[in-house]
Amino acid sequence: MALSRLRSIALASLVFAALLMAALFITVEAAPPNQSADEGATLFKEKCVGCHTIGSGKLVGPDLKGVTQRQEKAWLLSWIQAPDKMLAAGDPIATQLLKEYNNLPMPNLGLNETQVASLVAYLEGIDAGTIAAPVLPTAAAVPEGNSVIGKELFTGVNRFQNGGPPCMGCHSVGGLGALGGGALGPDLTTAFDKYGGAAGLVGFLNAPPTATMNAVWSRQPLTADEQANLMAFLQSATATERPVEALVPLTVLAIVGALILIVVAQLYWRKRLVSVRRAMVTRSRIS
Ligand code: HEC
Ligand code: HEC
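The sequence shown begins at 1 in the numbering used here and counts up one residue at a time.
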């Protein structure tokens, strides 16, 4: 009697345990491991705000408000995971977007699958109205700067308040390249246009998504004034000092200089020849 009751209790708990495990297994299968909209929000602030707003307009890339409604979920997941591969494969949506955004490709940010799923969950939450959109800088937030001060900061004549290295240590820009700007980073002559103006560029500098820039500026951030002055300088560099045009007067000067040298040399040698001849003539007269 007691034995059979024990047996049925054991059986019941076994069945219960099996059911529990099955239920656990199903939930694990259904949702990617550990995805969370909270993690998505944190990642978005770290990796994406340099180029995207959600509801505050275009920056370097499109405003992501409503993106989970205008794109398929599978497309979003693959795009955020590896935009470089999608572009290389000639994906039609990606190709069209690239053209609309000044041919500036979104970089591969090296995210894992869980992080990508969390970002999409976060974007979905915002579009569904269950999560508040982040407050991000807009174009109006960048004040008018002084391009002369900006140039001094860029070249290192003036130091950055938080101790960052001068931009020219790694970058050339406009005509300044000829004077020995660094070559570690790309030439910045067209950066202002490429990033869609001051707001886009400041967004990039505030949270650089690329390795070297991030390593340098996340520890020694630029102040708002410094950014504004640098923007004014980079804008003037884009507008006036294209590197090729800056080289033309240099070449002309070099040619003119060479011509003057030739003329002077000829005059000099002719005079010397004349005096040598004169000396020879006098000498022959004496002898
Ligand atoms: C360096 C700038 C940059 C960074 C950083 C960046 N993006 Fe982008 N993103 C772009 C650009 C530019 C486009 C437009 C397509 C193109 O030109 O490659 C784009 C397009 C997109 C699109 C498609 C938008 C649409 O309208 O269909 C999504 C979604 C997206 N990015 C999400 C993200 C997320 C999420 C992050 C952060 C993990 C991120 N991006 C980081 C520049 C960036
Ligand atoms: C220690 C070297 C270094 C310094 C200093 C530096 N940069 Fe950079 N920068 C780079 C490198 C390298 C890249 C290429 C992307 C990367 O690896 O971060 C880059 C990329 C950039 C880009 C993106 C260019 C493009 O064509 O997409 C901009 C804009 C930029 N830097 C602006 C600046 C400004 C403004 C300063 C000064 C406040 C500065 N950088 C100082 C190394 C540097």
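The C-beta atom is built at its ideal place from N, Cα and C for all residues, glycine as well.
First and last residue of the uninterrupted alpha helix (DSSP H) at residue i
i	result
M289	This structure cannot settle anything about residue 289, because the visible part of the chain is limited to 1 through 287.
L184	Unbroken run through L184: none, as it is neither H nor E.
A89	Element bounds for A89: n/a, residue is neither H nor E.
Q161	First-last for Q161: undefined, no H or E at that position.
T212	A211 to W217
K151	S147 to T155
F192	A191 to K194
A199	A198 to N206
V60	No alpha helix (DSSP H) holds V60; DSSP gives it neither H nor E.
T42	A37 to L43
V67	V67 to R70
Q81	K73 to Q81
Backbone CA spacing between residue i and residue j [nearest angstrom]
i	j	result
R7	L109	57 Å
A237	N214	23 Å
V216	G164	7 Å
G55	A224	23 Å
G169	G66	41 Å
G40	A10	44 Å
N146	C167	17 Å
D193	K73	31 Å
A12	N112	42 Å
L76	L205	25 Å
F154	P105	26 Å
E144	A232	7 Å
Q161	H171	20 Å
S36	K151	44 Å
I131	Y122	8 Å
L87	G61	15 Å
A198	L230	9 Å
L64	G90	22 Å
G203	V142	10 Å
D187	F44	28 Å
P209	A128	27 Å
R242	V173	Note that R242 has pLDDT 47, beneath the 50 cutoff, so the model's placement of it is unreliable and the number below is only indicative. So the two alpha carbons sit approximately 8 Å from each other.
A183	S218	21 Å
Environment of residue i [buried if 16+ CB atoms lie within 10 Å]
i	result
Q296	For residue 296 there is no data in the structure shown, the boundaries of the chain being 1 and 287.
Q235	buried
V148	exposed
L97	buried
K47	buried
N102	exposed
V365	This structure cannot speak to residue 365, because the chain is shown only from 1 to 287.
Q220	exposed
I126	buried
P83	buried
L119	buried
V116	buried
T53	buried
Cβ of residue i within 8 Å of any chain C Cβ
i	result
T42	This model lacks chain C altogether, as it is built from one protein chain only.
If we require 4 or more residues per run, which alpha helix (DSSP H) segments fall completely within the stretch 91-137?
92-100 and 113-128
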